[in-house]
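Asks: For the sequence shown, the numbering used here begins at 136 and goes up steadily by one. A virtual CB, placed ideally from N, CA and C, is assigned to each residue, including glycine. Please find one structure pasted underneath; my questions will follow.
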Amino acid sequence: MSSDAEAERNRRWRLVLGGDDQAGLSDRDRRLDAALAGLYDAGAGGKRSGGRRGGLGGSAPRVASWLGDIREFFPAPVVQVIQKDAFERLGLKEMLLQPEFLAALEADVHLVADLMALRSVMPEKTKATAREVVAKVVKELMEKLDARTTEAIRGAVDRRRRTRRPRPGDIDWPRTIAKNLRHWQAEHRTIVPETLIGHARASRRTNLEEVILCVDQSGSMGTSVVYSSIFAAVLASIPAIAMKLVVFDTNIIDLTEELADPVEVLFSVQLGGGTDINQALAYCERLVHEPTRTHMVLISDLIEGGIAEQMLARAKALVSSGVNLIVLLALNDDGRPAYDAKHAAILASLGCPVFACTPHQFPELMATALKRQDIWSWAAAQDIKLVRPEDGGD
C-alpha cells in the first residue's frame, strides 16, 4: 500500500473513532471532527472523559453552528439523520414536551437559533411548543429593542430638505435662532421665534428611505439572524422606511412579506449550509430602486463559498451606484467574530464601514445611516473596532 493510501486510511479511521489526537488532520477535517464530536462524543449524562459535552449549555458548541458544518460536509440524507440524532441526544424533545419546562425556561437567542436549526426534525407537537419558546424570546427582545429603535429612527429626518413648519422634535434650533435674532426681547432676555426652521421628514408615500438587510444564515450566524429578523420587523413598522429582509446561504429567501410576524420570520429561516454572498448581493441589487436613498446592511462573516471576485465586484458596483453599503461581521453580544479578513479589508477599501455590532448599538447605527452621516466617525466614537484596508494581510 502506498504512503498516500495509508495516510488516507489512517485519516478515515481517526475520524470514525474520534479522539483528541489532531495529527494528520487538515483544518477542514478538524472542523468536521469537532462537529461530530460535539454530538456523538456525549454520553448519557452529556459528558465524556475529555470533558467536552453536548447540549444547550453555554459551554457547549452551538447546535446551529454544528449543523451548519454538517450541512457543508454531508449530503442531505446524512444531514437529516444527524439532525434527528441531535434533537434526541441533546434532550430537546423531552424538554419541549414538558409544560413545566416552558414555564420555567430562561430562553435566549442561542436557544432560539438552536430550535430554528432543528425544527425540520421536530414532531408537530414539539414544534408547537418550540414556537411558544421562540415567541416568548421574541416578545422579550421586542420589548427591549422596539422602543429604542423607534426612538432613534422614527423621527429620522432628511437633512437635505428643510421646512418652515417643522414638528417640535425636528426644529433646527441654531438656524431658527439665527433667523430670528431681530426679534430679541431685551426685557425678557429671549428671542421670539416668528419663523421656525427644521428638517422635513420623509413622506409616508414618497421619498422613502429604503433599507435592505441581507443576512447570512449559515450556522455560525445564528444569533445574528435572530436579532436581524427582530430589527427588520421593527423597522418595517416605521412609515418613513421601505424595509426588506433577505436571508441566504446557497439559496435565497425573501422574507419581506413575513415581517409583520417576527416568529414566522424565524421559522422560515434554515440555519446552516454553505454561503453564496455574490448570489445574495445580485438578488438585493434588483431590489434597489433609488440607489442614493438605499441603505444595504450585509450581515455576514464574509466566508464566501461562491466566486469571491464576483462578490467583491458586485459590492463595488453597489457602492459606485450610490447605495450606502454597510457590512456587519456579526450582530450579537458574543464578542469578536471569526470572519474572512481579506474580504473585509477589500470591502473597507471600497468605502464600506466593516465591523461587528451589538444589538444595543444597532438602532443608532441605522439612525446614523439614514441621516447619511459619517458611520466611520460614529463607530469610532462608540469605540467600535473598524476593519481597515490594511488589515487584510496577504
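Helix, strand or coil, according to DSSP, for Ala142 in the structure here?
Replies: Stepping through the sequence shown from its first residue, residue 142 is reached at position 7. Reduced to three states, the DSSP call for Ala142 is helix.
Asks: Starting from Glu444, trace the alpha helix (DSSP H) both ways and give me its first and last residue.
Replies: Numbered from 1 along the sequence shown, position 309 holds the residue referred to as residue 444. First-last of the alpha helix (DSSP H) with Glu444: 443 to 456.
Asks: DSSP has Met378 in a bridge; who is on the other side?
Replies: Against the sequence shown, residue 378 aligns to sequence position 243. According to DSSP, residue pairing for Met378 in a beta bridge involves Val346.
Asks: Straight-line CA distance for Ala417 to Met257?
Replies: Reading the sequence shown from its first residue, position 282 is the one you call residue 417. Reading the sequence shown from its first residue, position 122 is the one you call residue 257. Roughly 34 Å separates the two Cα atoms.
Asks: How should Val216 be labelled, buried or exposed, when 16 other C-beta atoms within 10 angstroms of its C-beta is the threshold for buried?
Replies: In the sequence shown, counting from the first residue as 1, residue 216 sits at position 81. When all chains shown are included, Val216 counts as exposed.
Asks: Taking contact to mean 3 or more Cβ pairs, one atom from each stretch, closer than 8 Å, check whether the stretch 460 to 476 and the stretch 384 to 400 are in contact.
Replies: no
Asks: When you compare each of Ser363, Leu348, Ser353, Arg146 to Lys379 by their alpha carbons, which one comes out closest?
Replies: As a first step, residue 379 must be located in the sequence shown, where it is residue number 244. When each option's Cα is compared against that of Lys379, the closest is Leu348.
Asks: Tell me whether Leu316 is buried or exposed, calling it buried when 16 or more other Cβ atoms sit within 10 Å of its Cβ.
Replies: Position 181 of the sequence shown, counted from the start, is the residue given in the question as residue 316. Note on Leu316: under 16 other CB atoms within 10 angstroms of its CB, so exposed under the neighbour-count rule.
Asks: For Cys492, which residues from the same chain have a beta carbon less than 8 Å from its beta carbon, with the 5 sequence-adjacent residues on both sides left out?
Replies: Position 357 of the sequence shown, counted from the first residue, corresponds to residue 492. Closer than 8 Å at Cβ, skipping near neighbours: Leu463, Ala465, Leu466, Leu500, Ile519.
Asks: Any C-beta of chain B sitting closer than 7 Å to the C-beta of Trp513?
Replies: Structure shown: chain B not included; a single protein chain is present.
Asks: When burial is assigned at 16 or more other CB atoms within 10 Å of the CB, is Pro309 buried or exposed?
Replies: For the purposes of this step, residue 309 is identified with residue 174 of the sequence shown, where counting begins at 1. Pro309 sits exposed, since fewer than 16 C-beta atoms from the chains shown fall within 10 Å of its C-beta.
Asks: Figure out for me which residue from Pro494, Gly457, Leu521 has the closest Cα to the Cα of Arg507.
Replies: If you number the sequence shown from 1, residue 507 lands on position 372. With distances taken between Cα atoms, Arg507 lies closest to Gly457.
Asks: At a cut-off of 6 Å, would you count Thr385 as near the ligand FAD, judging by its Cβ distance to the nearest heavy atom?
Replies: This structure lacks the ligand FAD, and indeed carries no ligand of any kind.
Asks: Quick one: using the 10 Å Cβ neighbour count with 16 as the cut-off for buried, is Arg147 buried or exposed?
Replies: Residue mapping note: residue 147 aligns to position 12 of the sequence shown, counting from 1. So Arg147 counts as exposed.
Asks: State the DSSP-derived secondary structure class of Met431, mapped to helix, strand or coil.
Replies: Looking up residue 431 in the sequence shown gives position 296. Three-state result, Met431: strand.
Asks: Look up Phe383 in the DSSP assignment and say whether it is helix, strand or coil.
Replies: For the purposes of this step, residue 383 is taken as residue 248 along the sequence shown, with counting starting at 1. Correct three-state label for Phe383: strand.
Asks: Using only the alpha-carbon positions, how far apart do His424 and Glu345 sit?
Replies: Here residue 424 corresponds to residue number 289 of the sequence shown, with the count starting at 1. Here residue 345 corresponds to residue number 210 of the sequence shown, with the count starting at 1. Distance between the alpha carbons of His424 and Glu345 is about 8 Å.
Asks: Tell me where the alpha helix (DSSP H) around Cys419 begins and ends.
Replies: Locating residue 419 in the sequence shown gives position 284, where the first residue counts as 1. Unbroken alpha helix (DSSP H) run through Cys419: 412 to 422.
Asks: Could you tell me how far apart the beta carbons of Ala252 and Gly354 are, in whole angstroms, since I believe they sit closer than 8 Å?
Replies: Locating residue 252 in the sequence shown gives position 117, counting from the first residue. Locating residue 354 in the sequence shown gives position 219, counting from the first residue. Indeed they touch by this definition, with Cβ atoms about 7 Å apart.
Asks: Cβ of Leu331 within 7 Å of Cβ of Ile306?
Replies: Mapped onto the sequence shown, residue 331 falls at position 196. Mapped onto the sequence shown, residue 306 falls at position 171. Cβ atoms of Leu331 and Ile306: closer than 7 Å.
Asks: Just the Cα atoms here: how many angstroms apart are Lys262 and Ala452?
Replies: Residue mapping note: residue 262 aligns to position 127 of the sequence shown, counting from 1. Residue mapping note: residue 452 aligns to position 317 of the sequence shown, counting from 1. So the alpha carbons of these two residues sit roughly 43 Å apart.
Asks: With H, G and I counted as helix, E and B as strand and the rest as coil, what does DSSP make of Gln508?
Replies: By one-based count along the sequence shown, residue 508 stands at place 373. The three-state reading of DSSP puts Gln508 in coil, since its state is none of H, G, I, E or B.
Asks: For the putative contact between Ala270 and Gly357, defined by C-beta atoms under 8 Å, what is the C-beta separation to the nearest angstrom?
Replies: Here residue 270 corresponds to residue number 135 of the sequence shown, with the count starting at 1. Here residue 357 corresponds to residue number 222 of the sequence shown, with the count starting at 1. Incorrect: roughly 18 Å between the Cβ atoms, too far for contact.
Asks: Tell me the rounded alpha-carbon separation between Asp384 and Asp351.
Replies: As a working mapping, residue 384 is identified with position 249 in the sequence shown. As a working mapping, residue 351 is identified with position 216 in the sequence shown. If I take the Cα positions, the gap works out to 6 Å.
Asks: Exposed or buried, which one is Glu229 when buried takes at least 16 other CB atoms within 10 Å?
Replies: Stepping through the sequence shown from its first residue, residue 229 is reached at position 94. Exposed, by the Cβ-count rule.
Asks: Within 10 Å of its beta-carbon, does Pro488 have 16 or more other beta-carbons around it, so buried, or fewer, so exposed?
Replies: As a position in the sequence shown, residue 488 is number 353, starting the count at 1. Pro488 comes out buried.
Asks: Is Thr503 near Trp511, with beta carbons less than 7 Å apart?
Replies: By 1-based counting over the sequence shown, the position of residue 503 is 368. By 1-based counting over the sequence shown, the position of residue 511 is 376. Going by C-beta atoms, Thr503 is not nearer than 7 Å to Trp511.
Asks: To the nearest angstrom, report how far apart Glu329 and Thr311 are at their CA atoms.
Replies: Within the sequence shown, numbered from 1, the residue matching residue 329 stands at position 194. Within the sequence shown, numbered from 1, the residue matching residue 311 stands at position 176. If I take the Cα positions, the gap works out to 9 Å.
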